């Protein structure tokens, strides 16, 4: 299926590939990159492309302008017609695949389960869905002006977009409660201290650092990196024997080209040249 890059751009997502890295830029700066139905669908489709295209070996997500993502475009809610059988309180409400809330979970799922590593370059406010979109990524680089807010409570909502799961994997329940119960913006420097982001860097260095990390991942053993990502993401949900089985399963697949190249490079005392196969 041909890529609908122009359609994605019209929805507010810029997509390009350079040096085996897919760059996904939320591009609605006039409204701080708030997400609509069309933008949500573009993000979903682009994440499918990242996973399926062997020429893409890593991805980088960021926002245009001065914000990463301010969450859902709440103005859209006034124009969405929800059939009676799918309204809140009905058994099928949470199963509505075209619903925006369901779409949040699908985006987090496609980031979390993607076989390619994904780097978030957080260039400003990351609120609500935007906050958890960043936290779901494998590596998070934040500019000094970045702010993270689980703002749902201020909208009368519980945590969405897998916030409870993602928060408690990175910080203690005590700190998770502070973030979730108040919804106050957390500065990037504090997010780094708490372990929610990997690095806090000057705003002017953000894309250079994040791109460097993404390109380093893209030059690595893609299949092995994908398995490591899966191991880490599942680690807290498994006991030690289950982790052994995961390791044996991977080893049982047989050596790929990158594994063979790593062994050859070691014997020849040189740096390996991985191809992603």
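Numbering (the numbering used here), first residue to last: 989 to 1265.
For every residue, glycine included, the Cβ atom is placed at its ideal position computed from N, Cα and C.
In this text the structure is predicted, and so the values were computed from the model without any measurement.
query: Alpha-carbon to alpha-carbon, residue 1238 and residue 1215; result: 8 Å
query: Segments assigned alpha helix (DSSP H), at least 4 residues, entirely inside the stretch 1207 to 1252; result: 1210 to 1223, 1228 to 1240
query: Exposed unless 16 or more other CB atoms sit within 10 angstroms - verdict on residue 1092; result: buried
query: Residue 1054 Cβ short of 7 Å to the ligand NAD heavy atom set; result: As presented, the structure is devoid of all ligands, the ligand NAD included, so that no description of it is given.
query: The beta strand (DSSP E) enclosing residue 1006, as first and last residue numbers; result: 1001 to 1006
query: Rounded straight-line distance, which links the Cα of residue 1167 to that of residue 995; result: 36 Å
query: Residue 1113 (DSSP reduced to helix, strand or coil); result: strand
query: Own chain, CB closer than 7 Å to residue 1004, minus 5 neighbours either side, in chain order; result: 1011
query: Candidates 991, 1258, 1207, 1017: closest to residue 1104 by CA position; result: 1207
query: Check whether residue 1102 and residue 1185 have beta carbons under 8 Å apart; result: no
query: Beta-carbon spacing of residue 1139, residue 1112 below 8 Å; result: no
query: The stretch 1193 to 1213 / the stretch 1040 to 1050 touching (three or more Cβ pairs under 8 Å); result: yes
query: Alpha-carbon to alpha-carbon, residue 1201 and residue 1008; result: 12 Å
query: CA nearest to the CA of residue 1155, picked from 1145, 1144, 1137, 1143; result: 1137
query: Rounded straight-line distance, which links the Cα of residue 1018 to that of residue 1221; result: 34 Å
query: Limits of the unbroken alpha helix (DSSP H) element including residue 1056; result: Counting along the chain, residue 1056 falls outside any alpha helix (DSSP H), and DSSP gives it neither H nor E.
query: First through last residue of the alpha helix (DSSP H) which encompasses residue 1178; result: 1176 to 1182
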